[in-house]
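Residue numbers (my numbering): 151 to 457.
This is the structure:
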């Protein structure tokens, strides 16, 4: 057998061929998935109950409250589309664990980077410093560390689904474009930063969130959690952590209210992105959806200012 770089790999760990063992692993994954899904449902109901008038989607000034159910519609539609579209695998393509101990250690290290960001970001003197910290912890450190480790052979191998990945454009559009249309659109803030600062902020967000968060949470972390614990566990556990990574940068902060909001809103977005990654294993579609979600509204706002 060969690893992700085509080199021979000692002592690979193939997926189990024992039917009873496979059935037990599948039941365990479904059970954990149901428990994690219950956390998301509870968070959504809590956020809705605490804010029947709606929630503000950003700490930036000028935004108005939006109904909680309306805010999660694009993510739910995108997730449903990712599951319903024809393809070779539901919910995920196969991942072979080549070096189990290292895969576990890598997963723990990635979760540690997430935790380090959550702890350090609010203690930085300037908000801009968090962008640099995110670039370092979400992109540079894991890419360098995992790249060096992979020189001795990859810990996991991803089986990329055969055929066209263009069907992924439907959930990408639902997640990234739908929030700018009609009643689902979040109105532009009544006040905002200068245009130049807004453009710089949008570009920085596209790099650190659109690319950085997708690298850490989908490509690096979700893939390993799927391999070690099953697809539903991997998708939903990663989405939970993805939501919690926003808890100190959004309204509510580290309170029941704040935690419920980010799990419901950002967490549901994470589920949609996680399903796109699990079905097609092309990070470009996750990055495109994330960049559109964060940046298309800004672009529409800039165009409206120019007209």
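Glycine residues also receive a C-beta, built at the ideal position from the N, C-alpha and C atoms.
With at least 16 other beta carbons inside 10 angstroms of its own, residue 222 counts as buried. Boundaries of the alpha helix (DSSP H) around residue 223: 218–234.
The C-alpha of residue 448 lies about 11 Å from the C-alpha of residue 336. If you look at residue 412, you'll find it in the alpha helix (DSSP H) that goes 406–430.
Residue 349 has no beta-bridge partner at all, per DSSP. Rounded to whole angstroms, the separation of the alpha carbons of residue 347 and residue 362 is 21 Å. Boundaries cannot be given for residue 330, as no beta strand (DSSP E) includes it and DSSP labels it neither H nor E. 9 Å or more divides the Cβ of residue 327 from the Cβ of residue 455. Cβ neighbours of residue 215 within its own chain (closer than 8 Å, five residues either side excluded): 201, 203, 204, 205 and 206.
By the C-beta density criterion, residue 319 is exposed, having fewer than 16 other C-beta atoms within 10 angstroms. In the DSSP secondary-structure assignment, residue 308 is bridged to 245. Pairing residue 195 with residue 176, the inter-Cα distance amounts to about 28 Å. For the pair of segments examined, the region 283–301 was found to touch the region 255–265: the number of CB pairs separated by less than 8 Å reaches three. In its chain, beyond the 5 residues on either side, 354 and 358 have a beta carbon closer than 6 Å to the beta carbon of residue 281. Residue 182 is positioned such that its CB atom lies closer than 9 Å to that of residue 382. Along the length of the region 256–318, whole alpha helix (DSSP H) runs at least 4 residues long occupy 277–284 and 291–300, reported in chain order. If you draw a straight line from the Cα of residue 271 to the Cα of residue 422, it is about 26 Å long. When the alpha-carbon of residue 255 is set against those of 443, 306 and 397, the nearest one is in 306.
Sorting 314, 290, 429 and 445 by C-alpha distance to the C-alpha of residue 376 places 429 at the top. The beta-bridge partner set that DSSP reports for residue 205 consists of 216. Of all C-beta pairs linking the region 384–393 to the region 405–421, three or more are shorter than 8 Å, placing the two stretches in contact.
Linking residue 244 to residue 308 through their CA atoms gives a straight-line distance of about 7 Å. Judged by beta-carbon spacing, residue 230 lies beyond the 9 Å limit of residue 411, meaning their Cβ atoms are not closer than that value. Note that the C-beta distance between residue 425 and residue 329 is not below 9 Å. Scanning its chain for C-beta atoms nearer than 6 Å, with the 5 sequence neighbours on each side dropped, one finds around residue 445 the residues 352 and 356, in chain order. Around the beta carbon of residue 395, 16 or more other beta carbons lie within 10 angstroms, which makes this residue buried. For residue 220 and residue 236, the gap between their C-alpha atoms comes out near 27 Å. Counting other Cβ atoms within 10 Å of its Cβ, residue 169 stays below 16 and is therefore classed as exposed.
The residue from 438, 314 and 407 with its alpha-carbon nearest to that of residue 218 is 407. Spatial neighbours of residue 224 in its own chain (CB-CB distance under 7 Å, excluding positions within 5 residues in sequence) are listed in chain order as 324, 325, 328, 329 and 334. Secondary structure at residue 400: coil, using DSSP grouped into helix, strand and coil.
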